[in-house]
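For the sequence shown, numbering that gives the first Met the number 0 gives the first residue as 0, with consecutive numbering after it. Beta carbons are placed, not taken as given, at the ideal position from N, Cα and C, and that holds for glycine. All figures in this text were calculated on a predicted structure; none of them were measured in a lab.
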Amino acid sequence: MRLLDGITVVTIEQAVSAPFATRHLADLGARVIKVERPGEGNFARRYDGTVLGLSSYFVWLNRSKESLTLDPNSRGRRTSWRGSSNGPRRSSNPDRLCEDTHHDNQGRMARPVL
């Protein structure tokens, strides 16, 4: 049994700080679900194609994570995430939210109280 087994973290992240932090949470046993933009996903996927067509940087920062695309500004999707099957597998509400998007996005995004 690992320290964070049974904990679910949903993360809306980019760059390095949050992906690196949530990678450690996943290494400690947390279920980490990475939310990516519809259509394009995380821009870091395309830095290079070294690891089976994915960027080595992206693979290194996102190992052990699940991923889904979701528009956090879409009310219908936000509502259906809670306790439904919109995630990679059926999930109840997450235990924690990690978010490091640009500060202009923070006020517009629906942020669950955890």
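- prompt: Cβ atoms of residue 99 and residue 35: under 7 Å apart, would you say?
  reply: Not a contact, by the Cβ cut-off of 7 Å.
field: Alpha carbon of residue 40 to alpha carbon of residue 32, nearest angstrom
entry: 13 Å
query: If you run the structure through DSSP and keep just helix, strand and coil, what is residue 113?
result: With a pLDDT of 39 at residue 113, under the threshold of 50, the modelled position of that residue is not reliable, and no figure is offered here.
- prompt: Comparing alpha-carbon positions, which option in 1, 0, 5 lies nearest residue 95?
  reply: Check the Cα spacing between residue 95 and each of 1, 0, 5: the tightest is with 5.
message: Quick check on residue 96: does DSSP put it in helix, strand or coil?
response: Three-state DSSP puts residue 96 in a strand.
- request: State the DSSP-derived secondary structure class of residue 69, mapped to helix, strand or coil.
  value: coil
task: Since I believe residue 29 is in contact with residue 7 (beta carbons under 8 Å), could you give me their beta-carbon distance rounded to a whole number of angstroms?
output: So it is a contact: roughly 7 Å between Cβ atoms.
- prompt: Skipping 5 residues on each side, what residues in its chain have a beta carbon closer than 6 Å to that of residue 89?
  reply: Any reading at residue 89 is ruled out, since the residue's pLDDT is 48, under 50, leaving its predicted position unreliable.
- prompt: Per DSSP, residue 50 is paired with what?
  reply: 53
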